[in-house]
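Visitor:
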Amino acid sequence: MSIQYGEKVMEHFLHPRNMGEIPDPDGVGEVGNPVCGDVMKLMIKVEDGRIADIKFQTFGCGAAIATSSMVTELVKGKTLDEAEKISNRAVVEALGGLPPVKLHCSVLAEEALKAAIEDYHRKHQQDKSLNRDTQNLK
Ligand code: FES
């Protein structure tokens with residue numbers, strides 16, 4: 000049985016946007032689906048509270064690649080707060096829909112994005128407390 004993908008999904012699958020690696024990312028989110036074994040990794044660069052750059056590496060199905068590509072397009076230039084609110088539904092809608100059996104693939108995109116933002120906050124908090132500690136030492 001073959002799965003029918005829409006035009007936009009095929010377009011992002013065949014010509015993914017922002018695929019690759021950011022050498023020194025501010026946040027990294029890597030998530031996997033234990034059922035199918037697919038893995039998605041998102042890297043973000045943050046400037047002035049906005050996602051200045053974002054790249055993905057996905058080892059997965061066509062829908063996982065298309066949703067990775069679309070989520071990077073949706074969040075580039077957005078503030079972290081705005082980006083955090085992007086759901087897998089929004090990604091699916093922007094792609095013009097996904098076959099029901101492939102909806103779970105879009106969940107990876109939402110989870111990877113949230114994980115990358117969390118990672119950024121975690122590192123940022125650590126930097127802040129390190130600065131505080133070194134200031135206290137002076
Ligand atoms: Fe695994 Fe699509 S089948 S993410």
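Throughout the sequence shown, residue numbering follows numbering that gives the first Met the number 0, covering 0 to 137 in sequence. Glycine included, every Cβ here is placed at the ideal spot set by N, Cα and C.
(1) Thinking just about the alpha-carbon of each residue, which of Q3, I85 and E20 is nearest to the one in V70?
(2) Using a Cβ-Cβ cutoff of less than 7 Å, which residues in the same chain neighbour K77 once the five nearest sequence positions on both sides are dropped?
(3) Which whole-angstrom value is the C-beta distance of Q56 and E20, which I expect to be below 8 Å?
(4) Between N32 and the ligand FES, is the CB less than 6 Å from at least one heavy atom?
(5) Using the beta-carbon count (16 or more within 10 Å), is L13 buried or exposed?
(6) Within its chain, find whatever has a CB closer than 6 Å to the CB of S68; leave out the 5 residues flanking it on each side and keep chain order.
(7) Can the beta-carbon of A115 be found closer than 7 Å to that of G59?
(8) Is G61 closer than 7 Å to K7 when the C-beta atoms are compared?
(9) What does T78 pair with, by DSSP beta-bridge criteria?
(10) Quick one: give me the first and last residue of the alpha helix (DSSP H) that E92 is part of.
(11) What's the gap between the Cα of Y4 and the Cα of L102?
(12) If you count every other CB in all the chains shown that lies within 10 Å of the CB of V100, and 16 or more means buried, which is it?
Guide: Short version:
(1) Within the sequence shown, residue 70 is the residue found at index 71, counting from 1. Among Q3, I85 and E20, the Cα nearest to that of V70 is on I85.
(2) Working through the sequence shown from its first residue, we reach residue 77 at position 78. Within the same chain, and ignoring the five residues on either side of K77 in sequence, the residues whose Cβ sits closer than 7 Å to its Cβ are R49 and I50.
(3) As a working note, residue 56 is residue 57 in the sequence shown. As a working note, residue 20 is residue 21 in the sequence shown. Confirmed, about 6 Å.
(4) For the purposes of this step, residue 32 is taken as the residue at position 33 of the sequence shown. In this structure, the ligand FES has a non-hydrogen atom nearer than 6 Å to the beta-carbon of N32.
(5) Position 14 of the sequence shown holds residue 13. Residue burial annotation: L13 is exposed, with fewer than 16 other C-beta atoms found within 10 angstroms of its C-beta.
(6) Residue numbering aside, residue 68 sits at position 69 when the sequence shown is read from its first letter. Closer than 6 Å at Cβ, skipping near neighbours: H11, P15 and R16.
(7) To locate residue 115, count along the sequence shown from 1; it is residue 116. To locate residue 59, count along the sequence shown from 1; it is residue 60. Not a contact, by the Cβ cut-off of 7 Å.
(8) Position 8 of the sequence shown, counted from the first residue, corresponds to residue 7. Position 62 of the sequence shown, counted from the first residue, corresponds to residue 61. Between K7 and G61, the gap from beta carbon to beta carbon reaches 7 Å or more.
(9) Residue 78 sits at position 79 when you count from the first residue of the sequence shown. When DSSP reads this structure, T78 sits in a beta bridge with R49.
(10) The residue given as residue 92 occupies position 93 in the sequence shown. In the DSSP assignment, E92 falls within the alpha helix (DSSP H) that extends over N87 to A93.
(11) Residue numbering aside, residue 4 sits at position 5 when the sequence shown is read from its first letter. Residue numbering aside, residue 102 sits at position 103 when the sequence shown is read from its first letter. Near 12 Å, if we compare the C-alpha coordinates of L102 and Y4.
(12) Counting from one through the sequence shown, the residue named residue 100 turns up at place 101. By the 10 Å Cβ count, V100 comes out exposed.
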